[in-house]
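I have placed the structure first, in the form of structure tokens, so that the comments after it can refer back to it.
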Amino acid sequence: MAGRVGPDVSGGRLIKPAPSATPAPDRQAEPALRAAAAPDRQAEPAPRAATAPRRKLYRVPAATAAQASDPVRPARAPRRVSVISRGGSLTRLLPQALIVTFLAGGTSAFVVNDKTVTLSVDGESTRTLHTFADDVGDLLEAEGIRTGSHDRVYPSPQAALTDGARIDVRRARPVDVTIDGERRRLWTTARSVDATLRALGIDGARAKVASSRGDTRRELSLDVRTERTVTVLADGHHNTVRTTAATVRDALAAAGIELGEHDAASAPLDSFPREGQAIKVMRIEQRKQVRKEAIGYRTISRPDASLYRGTTVVSRPGREGVREVTYRVRTVNGARQRPVRTKAEVLRPAQPRVVRVGTKAQPEGVKGADHLDWKALARCESGGRASAVDATGQHGGLYQFDTGTWQGLGGAGRPQEASAAEQTYRAKKLYVQRGAAPWPACGRNLYR
């Protein structure tokens, strides 16, 4: 047997050698051929067995795979070589036949184990590969593709790999989702915001994505607001709306409610409106009011040893001050609220009242007048009131002294400012000097 034995790879296809066109020699003619040979001629050496090709994993690009379907030029037929031997031709041809059989079997195994598969990663990178891998996991390892616990591989990495198979790898990424103010982290293989919402079970038509950050491969952050029912009570009307508003302020705007400069709501305007929440709007009118108010004075008491105990004398009267006060007056939904003072300015300060307080011991009595009925005289003159003052303002006290008489008897200040005991003492002294004459209408009461 002569010629080349072994596979020919061209463009990724296996080409088998064409059969020789020269017919095999007749076995009966073989002795004749040997007899015709010269006795001293040696048989030609048998050709060396071809080395089986090394099996290796290789990758064929899509363009090359397409070219592999083109017709291939048939291999040139091997040249016929006659082998003449004096004897033992069968023994020499047997090893060559075994080598040919071995190479043919290896070529068949090479063709059977080679698989053409399609690999897609995240739907963006799709490649056609030739591989000898037994399962999906081996293929991914050979391609340097590592997957995590959240990633999705179809078929599973343990699935056997078959010719024509399609392997789909979807990498998962973390998604920080804030749904109606509640924050949580999820993992998803979705590649878009809409797909992520569908994976979360959120109807995109009934939700609003306020913000999204991050690229498509690493991470995504979503702020999702679902549609909620909110009732607004304003101007005597109830208005129920469905809204995806992020704040109470936005919910009021969705209900067509405009707030005035001083208007307020029952919930903070920047707070998140909850499902079924009722928001009450308060219409507030506000104005400024300025008033002038009196400032009360204080009393300063000073001890005076020249006055009997119980006697007080005002040495300087007090005077009220004046201040200007600004108030904020509000009406809420038509109801007037209590004014709130916002500013105060003193126009005139108050002047304190100064009083002298007696510390001198009371006299025991006045000889010649102690036996008289002074209580009866006091009831007649002043109704028994030590601070009484007549209509003219000239007479005061229990016994209606005029100021001149009072001070002439040693009294200080005005009589109505002295104690009852001191007034009685001064009245007795006056009686000693003038009798009952100072009390023409009531003096007779002294003698009852």
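For the sequence shown, counting from 1, position 312 maps to 312 in the UniProt record's numbering; every step adds exactly one. Virtual Cβ for every residue (Gly too), placed ideally from N, Cα, C.
Do we get a CB-CB distance below 8 angstroms when we pair residue 268 with the residues of chain D? Although the question refers to chain D, the structure presented lacks it and comprises just one protein chain.
Can you tell me whether residue 413 is helix, strand or coil according to DSSP? coil
Can residue 423 be considered in contact with the ligand NAD, in the sense that its beta carbon sits closer than 7 angstroms to one or more heavy atoms? Inclusion of the ligand NAD in the displayed structure is not the case, the ligand content being empty and no account of it being possible.
Residue 396, buried or exposed, once every other Cβ within 10 Å from all chains shown has been counted against 16: buried
Nearest-angstrom Cα separation, counted from residue 192 out to residue 328: Answer to the nearest angstrom: the Cα atoms are 55 angstroms apart.
Would you list the residues sitting across from residue 440 in a DSSP beta bridge? Beta-bridge pairing by DSSP links residue 440 to no other residue.
On a Cα-Cα basis, can you pick out the residue from 130, 163, 386, 189 that is closest to residue 143? When C-alpha distances from residue 143 are compared across 130, 163, 386, 189, the shortest belongs to 130.
With a cut-off of 8 angstroms on the beta carbons, I'd call residue 348 and residue 321 a contact; round off their distance for me. With a Cβ gap of about 5 angstroms, residue 348 and residue 321 count as contacting.
Residue burial classification, residue 154 (beta-carbon count within 10 angstroms, cutoff 16): exposed
Contiguous beta strand (DSSP E) assignments of at least 3 residues, all confined to the stretch 318 to 395: Fully enclosed beta strand (DSSP E) runs of 3 or longer: 321 to 332, 340 to 348, 353 to 360.
Within its chain, find whatever has a CB closer than 6 angstroms to the CB of residue 419; leave out the 5 residues flanking it on each side and keep chain order. Result list for residue 419: 310, 311, in chain order.
For residue 220, which option in 246, 177, 431 has the closest C-alpha, if you only look at C-alpha atoms? 177
CA nearest to the CA of residue 392, picked from 115, 384, 401, 386: 401
Contact check, residue 423 vs residue 398 under 8 angstroms by CB: the rounded distance? 5 angstroms
Residue 426, DSSP secondary structure in three states: helix
Does the stretch 426 to 436 touch the stretch 409 to 418, meaning 3 or more C-beta pairs lie closer than 8 angstroms? Touching, yes, given that three or more Cβ pairs across the two stretches are closer than 8 angstroms.
Can you round the beta-carbon distance between residue 151 and residue 132 to whole angstroms, since I take them to be within the 8 angstroms contact cut? Not really, about 24 angstroms apart at Cβ, beyond 8 angstroms.
Do the CB positions of residue 341 and residue 325 come within less than 8 angstroms of each other? yes
Look at the Cβ atom of residue 243, then the Cβ atom of residue 228, and state whether they are nearer than 8 angstroms. yes
At the level of alpha carbons, what is the spacing between residue 361 and residue 352? 28 angstroms
Taking the alpha-carbon positions, what's the residue 140 to residue 246 distance? Rounded to the nearest angstrom, the two C-alpha atoms are 45 angstroms apart.
I need the DSSP call for residue 142, collapsed to helix, strand or coil. helix
Just checking, does the stretch 381 to 390 make contact with the stretch 273 to 289 on the three C-beta pairs under 8 angstroms criterion? no
So for residue 222, helix, strand or coil by DSSP? strand
Residues in its own chain within less than 7 angstroms of residue 163 by CB, not counting five upstream and five downstream? The answer, listed in chain order, is 115, 116.
CB contact flag (residue 188, residue 172, <8 angstroms): yes
Rounded to whole angstroms, how far is the Cβ of residue 279 from the Cβ of residue 265, which I believe are closer than 8 angstroms? The pair is a contact, with the Cβ atoms about 6 angstroms apart (cut-off 8 angstroms).
Hey, residue 323 and residue 295 are a contact pair by Cβ (cut 8 angstroms); roughly how many whole angstroms apart? 6 angstroms
Quick one: what does DSSP say residue 252 is sitting in, helix, strand or coil? helix
Contacting residues, own chain, Cβ-Cβ under 7 angstroms from residue 438 (five flanking each side not counted): 430
Rounded to whole angstroms, what is the Cα-Cα separation between residue 381 and residue 406? 16 angstroms
Which two residues bound the contiguous alpha helix (DSSP H) that contains residue 468? Past the boundaries of the shown model lies residue 468; the chain is included only from 1 to 448, so the question cannot be answered.
Extent of the continuous alpha helix (DSSP H) to which residue 407 belongs: 403 to 408
State the CB to CB distance for the pair residue 138 and residue 160, rounded to an integer number of angstroms; the pair is presumed to be in contact (CB under 8 angstroms). Their Cβ separation, rounded to whole angstroms, is 10 angstroms, which puts residue 138 and residue 160 out of contact at 8 angstroms.
What's the call for residue 230, buried or exposed, on a 16-neighbour Cβ count within 10 Å? Buried: at least 16 other Cβ atoms inside 10 Å.
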